[in-house]
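Have a look at the structure below, then the notes.
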Amino acid sequence: MFDNATLQMIGEGFLETLYMTIVSFAFAYVIGLPLGITLVMTDREGIRPLVWLNRLLGVIINLLRSVPFLILFLVLTPLTRAIVGTSLGPKAAIVGLVIASAPFIARLVEGSIKEVDKGVIEAAESMGASPMQIIFKVLMPEAKPSLIVGSAIAVTTILSYSAMTGFVGGGGLGDIAIRYGYHRYQTDIMLVTVAILVVIVQILQEIGMKLAKIGDKRI
Amino acid sequence: MNRCVPIIRIQNLSKSFKGENGEVRALENINLEIYGGDIFGIIGVSGAGKSTLVRCINFLERPTAGTVFFDGKDMNTLTRKELYQVRQSMGMIFQQFNLLMQRNALDNVCFPLEISGIGKKEGRKKAMELLELVGLPDKANAFPSQLSGGQRQRVAIARALATNPKVLLCDEATSALDPNTTRGVLELLKDINKNLGVTVVVITHEMAVVEGICNKVAVIDEHRIAETGNVGEVFISPKSAAARRLFFPGDTVERFAENRCCRIVFDGSSSFEPVIADMVLKFRRTVNIIFADTKNIEGQAYGQMVIQLPADEEVAVRMIEYLKSKGLAVEEVKDFV
Chain A
1 MFDNATLQMI
11 GEGFLETLYM
21 TIVSFAFAYV
31 IGLPLGITLV
41 MTDREGIRPL
51 VWLNRLLGVI
61 INLLRSVPFL
71 ILFLVLTPLT
81 RAIVGTSLGP
91 KAAIVGLVIA
101 SAPFIARLVE
111 GSIKEVDKGV
121 IEAAESMGAS
131 PMQIIFKVLM
141 PEAKPSLIVG
151 SAIAVTTILS
161 YSAMTGFVGG
171 GGLGDIAIRY
181 GYHRYQTDIM
191 LVTVAILVVI
201 VQILQEIGMK
211 LAKIGDKRI
Chain B
1 MNRCVPIIRI
11 QNLSKSFKGE
21 NGEVRALENI
31 NLEIYGGDIF
41 GIIGVSGAGK
51 STLVRCINFL
61 ERPTAGTVFF
71 DGKDMNTLTR
81 KELYQVRQSM
91 GMIFQQFNLL
101 MQRNALDNVC
111 FPLEISGIGK
121 KEGRKKAMEL
131 LELVGLPDKA
141 NAFPSQLSGG
151 QRQRVAIARA
161 LATNPKVLLC
171 DEATSALDPN
181 TTRGVLELLK
191 DINKNLGVTV
201 VVITHEMAVV
211 EGICNKVAVI
221 DEHRIAETGN
231 VGEVFISPKS
241 AAARRLFFPG
251 DTVERFAENR
261 CCRIVFDGSS
271 SFEPVIADMV
281 LKFRRTVNII
291 FADTKNIEGQ
301 AYGQMVIQLP
311 ADEEVAVRMI
321 EYLKSKGLAV
331 EEVKDFV
């Protein structure tokens, strides 16, 4: 169906997509996880209420989340250039993806952590646990299954965002789909890239759900 | 243990919360002394403020006014770090057990030891001993979801005891359990008090729990302490309306409120004499037994009965005299409710 050059291109696009998704997710999670935990801890009802910080973080997160991804990506171009030296290719896409998805992850983490039974937190407090001990020994382990499910959602969202970066020179499968499938009317290439994306999403989601279930001792 | 200095002294303690419609008072001017070795019951209907009170003891809730002295230390003056340390010498168990669902029983018991910085190996050894103490050595690897309510509470007790606390605070610890399981858990608390010398503070709305294990009781009503004293005394002659309300099921009280009724309290010696039957034979007038209950408190039999006296005022008065002459505590409950 395709010649070797096309196949190789799709193969490279696949790897680029994976690379963008995984690296972006890793960076975004490193930012989003502490941010989400901070949101819960500093909440009015939280363990260390700090309302001004909570509000400030909330506003920043909502701001970043409300700007449509592609527009945010374009707005960030100068920053991207400053960080990685270019505004094109997978590396440039990662900067935008991290900044766009970290707030999203923070909200997912916030939701997961808030699910932890208040009574269990109270029990830990009654034993003299410090806020840090509560975070690392209670909140994170108890929320683990939910955090894993959230991670699967985040990864698949980043994957679809990464495909969108194809429109603005981001690289990967999205880039191929847009350049060949959209601009050159090569529908077959479009379909193949989309199919690959669908399969990746399915696999990642499945892995996430399995991991969450294996790790959960509540059942 | 020093019986002269209370291990917990609650002094002029008040607590109010900021609600949507202004301040909500939860506790008003509470004064209590709990001595080492006591099993101290704090009883009240729901909403009376007892859960807030127990949370003020370990400063999970900071009092709005007044303070708590624990082992002579004013809790209000403690730094955050010192407070964490004091909390390690006060174990606490809860109605909903509050175990870590992602840890097995053994690791749950290890949890407070990890917090206090005790090594993993030593912690596991201690945790295993405690699981044996609460009768669950074979459930060490079971997760809370695999345990019954009673077993979960036993794990929670083992966990609360891990740091060798001086005091064990129990917040409605048996309210989610069935009567049989409750009995077992109460026996365990009693044993812990007797064998380990741990002072136990029991928050409950059930008189049966207080009767079952406590030696001292405080009745809390409308955010205040209504009455406090030895369980036997408070039970035989409750001075407050709140205490009396707790000892009678509410609906039976209403029915005889308009008639001349009296409450007779038996102590261990007279409860097995047929006093009422003798009285009926002597006066040749019937009485209506409205409420009767006998219990075993600290090895002695106590009983109480509410009887409706004949409408004839003179007979009624003489009957009361008769009962009093038999050494029974008789109290009219006309003003009741």
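Line by line, the protein sequences are chains A and B. Position one of the first sequence corresponds to residue 1 (our numbering), numbered consecutively onward. Position one of the second sequence corresponds to residue 1 (our numbering), numbered consecutively onward. By construction, the Cβ of each residue, glycine as well, lies at the ideal position given by its N, Cα and C atoms. All values reported here derive from a predicted model rather than from experimental measurement.
Considering only C-alpha positions, which residue in the set the options is nearest to residue i?
i	options	result
valine 138(A)	Gly123(B), Glu114(B), Ala142(B)	Glu114(B)
valine 201(A)	Arg184(A), Gly174(A), Ile153(A), Leu191(A)	Ile153(A)
leucine 197(A)	Ile214(A), Lys217(A), Lys210(A), Val155(A)	Val155(A)
valine 280(B)	Ala292(B), Ile307(B), Val265(B)	Ile307(B)
arginine 354(B)	Gly72(B), Thr77(B), Asp71(B), Ala48(B)	No information on residue 354(B) is available, as it lies outside the stretch 1 to 337 that chain B covers here.
glutamine 146(B)	Lys295(B), Leu100(B), Gly184(B)	Leu100(B)
phenylalanine 69(B)	Arg80(B), Cys56(B), Lys81(B)	Cys56(B)
lysine 282(B)	Ala311(B), Glu321(B), Cys261(B), Ala292(B)	Glu321(B)
isoleucine 203(A)	Leu7(A), Leu18(A), Val75(A)	Leu18(A)
glycine 72(B)	Gly197(B), Met207(B), Ile7(B)	Ile7(B)
glycine 47(B)	Asn58(B), Ala26(B), Ile39(B), Val54(B)	Ala26(B)
glutamate 332(B)	Asn288(B), Ile264(B), Leu130(B)	Ile264(B)
glycine 13(A)	Asp216(A), Tyr180(A), Glu206(A), Ile219(A)	Tyr180(A)
methionine 128(B)	Leu106(B), Gly117(B), Lys120(B), Phe143(B)	Leu106(B)
tyrosine 35(B)	Phe266(B), Ile10(B), Asn288(B), Ala208(B)	Ile10(B)
glutamate 122(A)	Gly46(A), Ile22(A), Ile37(A)	Gly46(A)
At which residues does the alpha helix (DSSP H) containing residue i begin and terminate?
i	result
leucine 211(A)	187-215
serine 66(A)	51-66
glycine 171(A)	Note, glycine 171(A): premise wrong, no alpha helix (DSSP H); not H, not E.
arginine 341(B)	Residue 341(B) is absent from the model: chain B starts at 1 and stops at 337.
threonine 52(B)	50-57
glutamine 151(B)	149-161
arginine 124(B)	120-133
asparagine 195(B)	179-196
methionine 207(B)	207-213
phenylalanine 14(A)	4-41
alanine 105(B)	105-115
glycine 232(B)	231-236
Please report the residue range of the beta strand (DSSP E) in which residue i lies.
i	result
valine 330(B)	329-332
lysine 366(B)	Beyond the ends of chain B as shown, which are 1 and 337, falls residue 366(B); an answer cannot be given.
valine 68(B)	65-70
arginine 218(A)	Where arginine 218(A) is concerned, there is no enclosing beta strand (DSSP E), given that its DSSP letter is neither H nor E.
lysine 18(B)	8-19
valine 338(B)	A question about residue 338(B) goes unanswered here, because the residues of chain B that appear run from 1 up to 337.
glutamate 23(B)	22-34
phenylalanine 40(B)	39-43
aspartate 171(B)	167-171
alanine 277(B)	No beta strand (DSSP E) holds alanine 277(B); the alpha helix (DSSP H) holding it covers 275-283.
arginine 263(B)	261-266
isoleucine 93(B)	90-93
Short check: CB of residue i to CB of residue j, under 8 Å?
i	j	result
isoleucine 135(A)	alanine 28(A)	no
alanine 163(A)	glycine 169(A)	no
leucine 177(B)	glycine 150(B)	yes
aspartate 43(A)	proline 49(A)	yes
histidine 205(B)	isoleucine 43(B)	yes
arginine 159(B)	phenylalanine 111(B)	yes
valine 24(B)	serine 16(B)	yes
asparagine 98(B)	valine 155(B)	no
leucine 39(A)	asparagine 62(A)	no
proline 145(A)	alanine 93(A)	no
tyrosine 161(A)	alanine 82(A)	no
threonine 199(B)	leucine 186(B)	no
glycine 119(A)	tyrosine 84(B)	no
proline 131(A)	methionine 20(A)	no
glycine 110(A)	glycine 36(A)	First, the residue type needs correcting, since residue 110(A) is glutamate and not glycine in the sequence shown. Their beta carbons are under 8 Å apart, which means glutamate 110(A) touches glycine 36(A) by this criterion.
Assuming residue i contacts residue j under a Cβ cut-off of 8 Å, what Cβ separation, rounded to an integer in Å, is found between them?
i	j	result
proline 165(B)	methionine 90(B)	5 Å
leucine 32(B)	isoleucine 213(B)	About 18 Å; that fails the 8 Å criterion.
valine 201(B)	cysteine 170(B)	7 Å
glutamine 96(B)	threonine 163(B)	Between threonine 163(B) and glutamine 96(B) the Cβ distance is about 21 Å, and since that is not below 8 Å, they are no contact.
methionine 209(A)	valine 116(A)	Their Cβ separation, rounded to whole angstroms, is 20 Å, which puts methionine 209(A) and valine 116(A) out of contact at 8 Å.
valine 275(B)	leucine 323(B)	7 Å
valine 219(B)	valine 231(B)	That belief does not hold up - the Cβ atoms of valine 219(B) and valine 231(B) are roughly 11 Å apart, past 8 Å.
isoleucine 189(A)	isoleucine 176(A)	7 Å
glycine 32(A)	alanine 102(A)	5 Å
cysteine 262(B)	valine 317(B)	At roughly 11 Å, the Cβ-Cβ gap does not stay under 8 Å, so cysteine 262(B) and valine 317(B) are not in contact.
tyrosine 302(B)	aspartate 267(B)	6 Å
serine 24(A)	valine 98(A)	5 Å
Can you list the beta strand (DSSP E) stretches of 3 or more residues lying completely in the region 286-321 of chain B, in chain order? 288-297, 300-308
Identify every run of the beta strand (DSSP E) within the region 74-145 of chain A, keeping only runs that are complete inside it and at least 3 residues long; order them along the chain. none
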